[in-house]
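Following: one structure in structure tokens, then a few remarks.
Protein chains: 2
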Amino acid sequence: MKIQEAARLTGVTERTLRYYDRIGLLHPSGMTESGYRLYDEDALRRLQQILFFRELGFPLAQIREIMDSPGYDMNEALRRHRLLLVAERDRLNGLIDLAERTLKGENDMSFDAFDRSGIDRQRDAYAEEARRRWGGTDAYAESEKKTAGYGKEKWASVEEEADEIFAAFAALRGHAPDEPDVQALVARWQAHITRNYYACTKEILAGLGQMYTADERFMQNIDRAGAGTAQLMSDAIAVYCAK
Amino acid sequence: MKIQEAARLTGVTERTLRYYDRIGLLHPSGMTESGYRLYDEDALRRLQQILFFRELGFPLAQIREIMDSPGYDMNEALRRHRLLLVAERDRLNGLIDLAERTLKGENDMSFDAFDRSGIDRQRDAYAEEARRRWGGTDAYAESEKKTAGYGKEKWASVEEEADEIFAAFAALRGHAPDEPDVQALVARWQAHITRNYYACTKEILAGLGQMYTADERFMQNIDRAGAGTAQLMSDAIAVYCAK
DNA sequence: CTTGACCCTGACGTAACGTCAGGGTGTATC
DNA sequence: GATACACCCTGACGTTACGTCAGGGTCAAG
Chain A
1 MKIQEAARLT GVTERTLRYY DRIGLLHPSG MTESGYRLYD EDALRRLQQI LFFRELGFPL
61 AQIREIMDSP GYDMNEALRR HRLLLVAERD RLNGLIDLAE RTLKGENDMS FDAFDRSGID
121 RQRDAYAEEA RRRWGGTDAY AESEKKTAGY GKEKWASVEE EADEIFAAFA ALRGHAPDEP
181 DVQALVARWQ AHITRNYYAC TKEILAGLGQ MYTADERFMQ NIDRAGAGTA QLMSDAIAVY
241 CAK
Chain B
1001 MKIQEAARLT GVTERTLRYY DRIGLLHPSG MTESGYRLYD EDALRRLQQI LFFRELGFPL
1061 AQIREIMDSP GYDMNEALRR HRLLLVAERD RLNGLIDLAE RTLKGENDMS FDAFDRSGID
1121 RQRDAYAEEA RRRWGGTDAY AESEKKTAGY GKEKWASVEE EADEIFAAFA ALRGHAPDEP
1181 DVQALVARWQ AHITRNYYAC TKEILAGLGQ MYTADERFMQ NIDRAGAGTA QLMSDAIAVY
1241 CAK
């Protein structure tokens, strides 16, 4: 069949089929003398597979890899990808929470450029600079008020979850910082901060990541979960924020 | 301060600051004679606000609108945006579920190009064509087997959730199809199909949307929730799939 | 032989920047 | 005063997954 029918049957546009041809993801099964693309059922079946992975959010380049290398471990790819999906969902949950808190006036649409996340809540150099710079603003007062309003139980549970995340990082020591399971933990950490403190943008997160190894106090606190945990977190955060 | 310091303090890159200047999102507070950008604290505060909205996923163009029009209803924007976030999260939950089912071998990485979603499970023209085309394949048999394995209770609860979603659409009749609350329902519907039937790509979804008004049986079934519900669903799906 | 439906290949646009390349500015040092 | 070096600038192209023309062949019907 010609391109129009193939497009109609699968729901994609003709442009998409030509694009997939060009990037080598799906070549037509044949061509007429006049250069018309022809697709057969095998081609359409391959397209179905492509669309399945695309729907899951795989980039097209990776889909091509998966489908062209026969030895590719598809289950492993799926498992890793699932972790990315979970991480993204957790991040969204943090944002939803942030939006709700902002609507209720519990958040000020700004943020403090330092970590008050129970690591040990001492101000380091970075935080001090931020405090000097933003200390006099309404945003600062607002945020102080909010965190001050947390009850002791709330704080305890927040720190407990933080410790859980540290422990999870500690368990992954030895893994590469860019592995999906590690990256998923970074997303969870970011969501944790966003939910409990302030809008943790990736810029903030990157700044925190640097502190975790640069500042003794932060590092020691994190490494209570095991030596090298802070280093892994820091490296993983760097990778996470680079994209 | 000059651009480098501003970038360091806020965590964004210089390139980003120049870009925001160019697109009119954040102009520097001043310029030196030689054309160097200068930023003061007001500018940095504005940048904080920008980054807050950016983190929530607002497009830069909308952030500019929000911040430049004093009469803009920020709470309304946040409320609408929250619905988009929720919709996206639900979609991800559907995909996570799909990935897990695939890993367990309960899914075949393909899909049936027709809706078996309890609407009334009769094959329409579109479905018939798909059946003719894919009917003999393993994928088809596999999927039949799977849905056949659903117990009666499972089916009942699946259909119940479908009815809930129809009712939610019915409650929004009169709203424009592109409103975020309506769009959020579309995402929920897609996630429902993905969770309970097959990988519902946007191409599939678009095909279903057309059926809902084109095919009497589907339309009548949906309109049990109220006349005009199918039309709204169909329109909303069309908008949803267009992007 | 003309119409109309269908096909093709560029080429530009999208969002939000990253990454050079090529060149000017500012200040400290030799 | 020349040089070194850090810092600043403006293009311009690359990225992802296509959408949207523009300009021009192909094919069957009338």
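Each protein sequence line maps, in turn, to chains A and B. Sequential numbering of the first sequence, starting at 1, is according to my numbering. Sequential numbering of the second sequence, starting at 1001, is according to my numbering. Glycine included, C-beta positions come from ideal geometry on N, C-alpha and C. Small disclaimer: the values here were computed from a predicted structure and weren't measured.
- With a threshold of 16 other beta carbon atoms within 10 Å, T13 (chain A) falls short and is exposed.
- With at least 16 other beta carbons inside 10 angstroms of its own, I1096 (chain B) counts as buried.
- Per DSSP, the beta bridge partners of G30 (chain A) are A:L38.
- In this structure, the CA atom of N1093 (chain B) is about 24 Å from the CA atom of D73 (chain A).
- Cβ-Cβ distances below 8 Å link A225 (chain A) to D163, F166, A167, F169, A170 in the same chain, with the five nearest sequence neighbours on each side left out; the list follows chain order.
- Here R188 (chain A) is buried, its C-beta having at least 16 other C-beta atoms within 10 Å.
- Against chain B, a Cβ distance below 7 Å from I96 (chain A) picks out R1082, L1085, V1086, R1089.
- Neighbours of V1012 (chain B) in chain A, taken as residues at a C-beta separation under 7 Å, are given in chain order as E203.
- Proximity of chain A to T1102 (chain B) at the Cβ level (cut-off 8 Å) is accounted for by L78, in chain order.
- Under the DSSP assignment, V239 (chain A) falls in the alpha helix (DSSP H) whose first and last residues are 229–242.
- Here R1015 (chain B) is exposed: its Cβ has fewer than 16 other Cβ atoms, across all protein chains shown, within 10 Å.
- CA-to-CA, the gap between I1204 (chain B) and L208 (chain A) works out to about 43 Å.
- Residues of the stretch 1041–1070 of chain B with a C-beta atom less than 9 Å from some C-beta of chain A are E1041, L1044, R1045, Q1048, Q1049, L1051, F1052, F1053, R1054, E1055, L1056, G1057, listed in chain order.
- In the pairwise beta carbon analysis, the stretch 21–30 of chain A is classified as touching the stretch 58–75 of chain A: at least three pairs are separated by under 8 Å.
- Distance from the CA of I193 (chain A) to the CA of C200 (chain A), rounded to the nearest whole angstrom, comes to 6 Å.
- The Cβ of A191 (chain A) sits no closer than 9 Å to any Cβ of chain B.
- Separation of the CB atoms of G57 (chain A) and L85 (chain A) is rounded to 7 Å, and the pair is thereby assigned contact status at 8 Å.
- Out of A:E100, A:N75, A:D223, A:L83, the CA that lies nearest to the CA of K1104 (chain B) is found in A:N75.
- Not one beta carbon of chain A lies nearer than 9 Å to the beta carbon of L1185 (chain B).
- Around the Cβ of T102 (chain A), a 10 Å sphere holds 16 or more other Cβ atoms; the residue is buried.
- F52 (chain A) and K1202 (chain B) have their alpha carbons spaced roughly 11 Å apart.
- Short of 7 Å from the beta carbon of A77 (chain A), and not among the five residues preceding or following it, lie these beta carbons of its own chain, in chain order: I66.
- Against chain A, the CB of A1214 (chain B) has no partner CB under 9 Å away; the residue lies outside that interface.
- The closest CA to that of S1034 (chain B), considering only B:Q1048, B:L1017, B:Q1049, B:K1002, is found on B:K1002.
- Neighbours of L1092 (chain B) in chain A, taken as residues whose beta carbon is under 9 Å from its own, are G57, L85, V86, E88, R89, L92 in chain order.
- When rounded, the separation of the alpha-carbon atoms in D1215 (chain B) and A1176 (chain B) is 22 Å.
- DSSP places M211 (chain A) in the uninterrupted alpha helix (DSSP H) bounded by 202–214.
- Per DSSP, P70 (chain A) lies in no alpha helix (DSSP H) and is assigned neither H nor E.
- Assignment of beta-bridge partners to R1173 (chain B) by DSSP yields B:H1175.
- For A1191 (chain B), the uninterrupted alpha helix (DSSP H) segment begins and ends at 1180–1196.
- Looking at B:L1047, B:A1242, B:V1182, the one whose alpha-carbon comes closest to that of R1008 (chain B) is B:L1047.
- With 16 or more other Cβ atoms from the protein chains shown falling within 10 Å of its own Cβ, D90 (chain A) counts as buried.
- By the Cβ-count criterion, P70 (chain A) is exposed, with fewer than 16 other Cβ atoms from all chains shown falling within 10 Å of its own Cβ.
- Note: K104 (chain A) is not bridge-paired with any residue in the DSSP secondary-structure output.
- Between V1182 (chain B) and E1160 (chain B), the alpha-carbon positions lie close to 20 Å from each other.
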